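Engineer:
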Amino acid sequence: MRRYSSDPLPAPEEFLREVGRHIAIEMPAGWVQQRLRFGDAIVLVDGVDELSEERRADAQRWLRELVEAFPYARFVVTSRPAAVPADWLGDGEFDVAELEPMTRSDVAVFVHRWHEAMREGCATADERAELSDYEHRLLDSLGQHRHLRQLAGYPLLCALLCALHRDRRSQLPANRMELYEIALHMLLERRDRERRIDDPGSALSRTDKTLLLQDIAYWLLRNKWATAPAGRVTERIAVKLRGMAQIRSSAAEVYVVLLERSGLLREPVEGQTDFVHRSFQEYLAAKEAIESDDIGVLVDNAYTDLWGDVIVLAAGHAPAAKRAELLGQLVDRAEQTRSTAIRDALRLVAVASLESSPELDTELRTRIQEAVASLLPPRTMAAARSLARAGSFTVDLMARARPTTAVEVAATIRAAGEIGDPAALPLLARFGKDPRKAVVKELLGAWPKFDPEEYARIVLPNYPLDDRWFHVEDPRLVPGLTHLSQLRHLWCGWSDPEAVPLRFVADLRGLTEINVPPYPDLSPLVGCSLEALHVAWLPDRPPTDVAPLARIPTLTTVGIGGRLTDAAPLGRLPGLRALSLHTMLTVAELEKLAPLRQLTHLLVGEMPRLTTVDPLGFLDAPVSIDLWDCPRLQDVRTLRRWSATLHHVGLDSCPAADLGPLAELPVLTSVDLRGCGAVDLSPIARAPELIRLTLGDWGTADPLPDLTPLRASGTLRDIQIDAQSVDVSALAGMRDLTVAVPAYTVVSGAGRLGAGSRVRRRRN
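Be aware that the sequence shown starts at 5, since it is given in this note's numbering, and climbs by one per residue.
Right under this line is the structure:
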């Protein structure tokens, strides 16, 4: 959005002007509007906070008009949290998500990928080995030092840590101020010098570049500009150069040097200049403000979202006396203002500034710390972040507070989690039984920021799991699972089976159901009292040996997503009631399941040679049968054998199947015909107890069946349709019917549905 900080916001046909300008001229008239109208496009509106407060109102109207004009398009709007409230675009219209700091697992992945990218450019094995050594040492340092973990939670700072750790031979800065200072040194001087780049810009020293850049940064900040015309920036440089007699180059030449050599300025669009990273702009602007003795300006603007981080960084730049003046005036103004919002904002900035204040008068520090009490419990995530930046002393203060609402409790947990001090664990344990959704989310989000086992033992032993799946994406949390006394259903979300040996399941005594990645060897599960096992599918994995499952007699449900070495061992599970095999099976493999006469639910698929359901004749009394991706399947007459028990039939991607026998199933209530194309639905409509029908295939352009025959059904109440567009006028007059479609399906004819009928849009 910074590109439109002063220009009119774009019309739809202008959306491609920046991202595809070389081919945009070739697009047909109305092409963008057509894509938006049919839900084929995602519009990313990036950086509402880059606009001035006055311009944000224009952006709000512009966005609302877009959403109203194109209700089936998808819109993603980003902003710094302090710039606009969560309901800025209206209640319910947008889902609100927050980009949180990276977890320890995320940081480890980031660090690995950064070093992997560097290794790809190495010429020798020794260089690659050296980088691997740096990677391991950096991860060790991050594990040992909390201040480094806090910095590494943000992608920009994490990348800087990686670069500086390598550049400085494993010597890392102690705080954010040092990190920026060292990074600027590297960008403004050492990079070109060590690359032996010699150009007219070499006449500019690092000090020269810093003075010029901080002047530009502060000038942009004072004017509330995210970008400025290149000509205006050049004029600003010319003014600054009047006091820098050592520089003989013209303002235009200096501008080019800063643009091409500093790594900090860029022209995102021709003729417009901005800083590549806002964090560096704020650091430099804060430096200029302090050197200009603009304490009053800083205090006057401290409550605004644009200046908050600048104040924190200014406290770090300032000498002790000036820092005391700045923070003292912030506290004074907070005490004098009548506005609660401004008072809280000023106190939060003052508290956050303790992070960057290496030296501060004891009395003033006490005043600031006492001001924290009025901010507790935190009522927003922005307040939580500010409290966390203030340091560990806030843990004791938060422990004395009594948050009650879900928002207050969640914000308290967020602050304690970002501090990451083990002293916060008893505080977090107070909320370990709270079942409210926002609280549960924050409790789990804080887990990776502490020792996993200690956190689970103290905070989560009575975590309210009930019968819900418990998802664990980070394998490093596994050691803590033994302390979750109510853990019954575990979903293991890591993709690499080698990340955690499967034997950990044996320690989870109360576990009854688990979903795991495709471990080829399931023998560590023998001896567990599992009732349900699901093995996920991942590409390019070796087949799973299910032989050990025959020695787990408690199993009643098994689902295997990948390939099997042999299906026969499954036939030795007398208690098995539900079996899902998503992989390609031959008819011969299917026949190995014949001992499982007791199955009530069976799903098998990817059998290109299957032409009849006769191989399923071994079943005694199935309730649900799903066959998928069997393109030659035609004869389903055998289904009539189970007319007394069969409630559900799925024929997903079985377009040749004869649906006639389904009309003869008296207790059939649910049919799935996804991927079957334009089949005749007349037999389905004659099923006497049919309630639910699923049709379509979002991933293809196959036509939908004619829906007209369904009007003959007197029992149908729910139709699920996965398609980009659907005309439901063929269902005219049908009463008490729900037609469920994906959120972005274009629906026509809904007005012709009968009384009590509706179209419901699903979000997933």
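Ideal placement from N, C-alpha and C gives every residue a C-beta, glycine not left out. Predicted model only: the values in this text are computed from it and were never measured.
For Pro1, I'd like the list of residues in its chain whose CB is within less than 8 Å of its CB, leaving aside the five on either flank, ordered along the chain.
Structural biologist: Since the displayed the chain opens at 5 and closes at 768, residue 1 lies outside it and no answer follows.
Engineer: Evaluate contact between the region 183 to 191 and the region 6 to 19, counting only Cβ atoms and requiring at least three cross-stretch pairs below 8 Å.
Structural biologist: Judged by Cβ distances under 8 Å, the region 183 to 191 makes no contact with the region 6 to 19, as fewer than three pairs qualify.
Engineer: Can you give the beta carbon distance from Val743 to Ile725, rounded, assuming they're within the 8 Å contact cut?
Structural biologist: Indeed, because the Cβ distance is near 6 Å, the residues count as touching under 8 Å.
Engineer: Tell me which same chain residues have a C-beta within less than 6 Å of the C-beta of Pro528, skipping the five on either side of it?
Structural biologist: If we look at Pro528 and ignore the five residues flanking it on each side, its Cβ neighbours are Leu506 and Arg507.
Engineer: Quick one: Cα of Gly205 to Cα of Leu391, how far?
Structural biologist: Below a pLDDT of 50, predicted positions are generally treated as unreliable, and Gly205, at 45, falls in that range; no measurement from the model is reported.
Engineer: Taking 9 Å as the cut-off, decide whether the C-beta atoms of Met402 and Pro381 are in contact.
Structural biologist: Taking 9 Å as the Cβ cut-off, Met402 and Pro381 qualify as a contacting pair.
Engineer: Tell me the DSSP secondary structure of Cys634 in three-state form.
Structural biologist: Cys634: coil per DSSP, three-state reduction.
Engineer: What residue range is occupied by the uninterrupted alpha helix (DSSP H) comprising Trp451?
Structural biologist: Counting along the chain, Trp451 falls outside any alpha helix (DSSP H), and DSSP gives it neither H nor E.
Engineer: Classify Asp144: buried if its beta carbon has 16 or more other beta carbons within 10 angstroms, exposed otherwise.
Structural biologist: So Asp144 counts as exposed.
Engineer: Rounded to a whole number of angstroms, what is the C-alpha to C-alpha distance between Pro465 and Ala450?
Structural biologist: So the alpha carbons of these two residues sit roughly 15 Å apart.
Engineer: Are the Cβ atoms of Ile423 and Thr384 separated by less than 9 Å?
Structural biologist: Not a contact, by the Cβ cut-off of 9 Å.
Engineer: Cβ of Ala221 within 9 Å of Cβ of Leu288?
Structural biologist: Cβ distance < 9 Å, so Ala221 and Leu288 count as in contact.
Engineer: Label Ile315 either buried or exposed according to how many other C-beta atoms from any shown protein chain fall within 10 Å of its C-beta, with 16 as the threshold for buried.
Structural biologist: By the 10 Å Cβ count, Ile315 comes out buried.
Engineer: Are the CB atoms of Ala112 and Val100 within a distance shorter than 9 Å?
Structural biologist: No, Cβ-Cβ distance for Val100 and Ala112 is not below 9 Å.
Engineer: State buried or exposed for Ile201, treating a residue as buried only when at least 16 other CB atoms are found within 10 Å of its CB.
Structural biologist: Here Ile201 scores only 48 on pLDDT, less than 50, and its place in the model should not be relied on; the value that follows carries that caveat. Classification for Ile201: exposed.
Engineer: If we require 3 or more residues per run, which beta strand (DSSP E) segments fall completely within the region 560 to 598?
Structural biologist: Listed in chain order, the complete beta strand (DSSP E) runs (minimum 3 residues) inside the region 560 to 598 are 561 to 564 and 582 to 588.
Engineer: DSSP three-state call for Ala661: helix, strand or coil?
Structural biologist: DSSP places Ala661 in coil when its eight states are reduced to three.
Engineer: Could you pull the start and end residues of the beta strand (DSSP E) that Thr238 belongs to?
Structural biologist: Premise fails: Thr238 lies in the alpha helix (DSSP H), Ala234 to Leu245, not in any beta strand (DSSP E).
Engineer: Taking 8 Å as the limit between beta carbons, can you name the residues of its chain near Leu152, skipping five residues before and five after?
Structural biologist: So the qualifying residues of the chain are Ser145, Leu146, Leu165 and Leu176.
Engineer: Just to confirm my understanding: we take Arg78, look at its own chain, exclude 5 residues before and 5 after, and list those with CB closer than 8 Å. What are they?
Structural biologist: Excluding sequence neighbours, Arg78 sits near Gly43, Ala45, Ile46, Val47 and Tyr748.
Engineer: Secondary structure at Thr742, three-state DSSP: helix, strand or coil?
Structural biologist: It is a strand residue.
Engineer: Any idea if Gly700 is buried or exposed, counting beta-carbon neighbours within 10 angstroms, 16 or more meaning buried?
Structural biologist: Buried: at least 16 other Cβ atoms inside 10 Å.
Engineer: Please state the DSSP three-state secondary structure of Pro272.
Structural biologist: Here Pro272 sits in strand by DSSP.
Engineer: Between the region 536 to 543 and the region 560 to 577, can you find at least three pairs of beta-carbon atoms closer than 8 Å?
Structural biologist: Touching, per the Cβ criterion.
Engineer: Can you check which of these residues, Ile518, Thr344, Asp630 and Asp639, is closest to Val653 by C-alpha distance?
Structural biologist: Comparing Cα positions, the closest option is Asp630.
Engineer: In whole angstroms, what separates the C-alpha of Arg199 from that of Val261?
Structural biologist: Reliability of the predicted coordinates at Arg199 is poor, the pLDDT of 48 falling under 50, and the value obtained from them is presented with this limitation in mind. So the two alpha carbons sit approximately 16 Å from each other.
Engineer: I'd like to know whether the C-beta atoms of Pro573 and Pro552 end up nearer to each other than 9 Å.
Structural biologist: A contact, by the Cβ cut-off of 9 Å.
Engineer: Pick helix, strand or coil for Gly758, following the three-state DSSP scheme.
Structural biologist: Residue state, collapsed to three classes: coil.
Engineer: With DSSP collapsed to three states, give me the class of Arg199.
Structural biologist: Its pLDDT being 48, under 50, Arg199 is placed unreliably by the model, and the measurement read from it follows with that caveat. Coil.
Engineer: Can you grab the Cα-Cα spacing for the pair Asp478 / Phe622, in whole Å?
Structural biologist: Rounded to whole angstroms, Asp478 to Phe622 spans 42 Å at the Cα level.
Engineer: Assign Leu103 to one of two classes, buried (16 or more other C-beta atoms within 10 Å of its C-beta) or exposed (fewer than that).
Structural biologist: Label assigned to Leu103: exposed.
Engineer: Would Thr408 be called buried (16 or more neighbouring beta carbons within 10 Å of its own) or exposed?
Structural biologist: Label assigned to Thr408: exposed.
Engineer: Pick from His475, Lys437 and Arg337: whose alpha carbon is nearest that of Val301?
Structural biologist: When each option's Cα is compared against that of Val301, the closest is Arg337.
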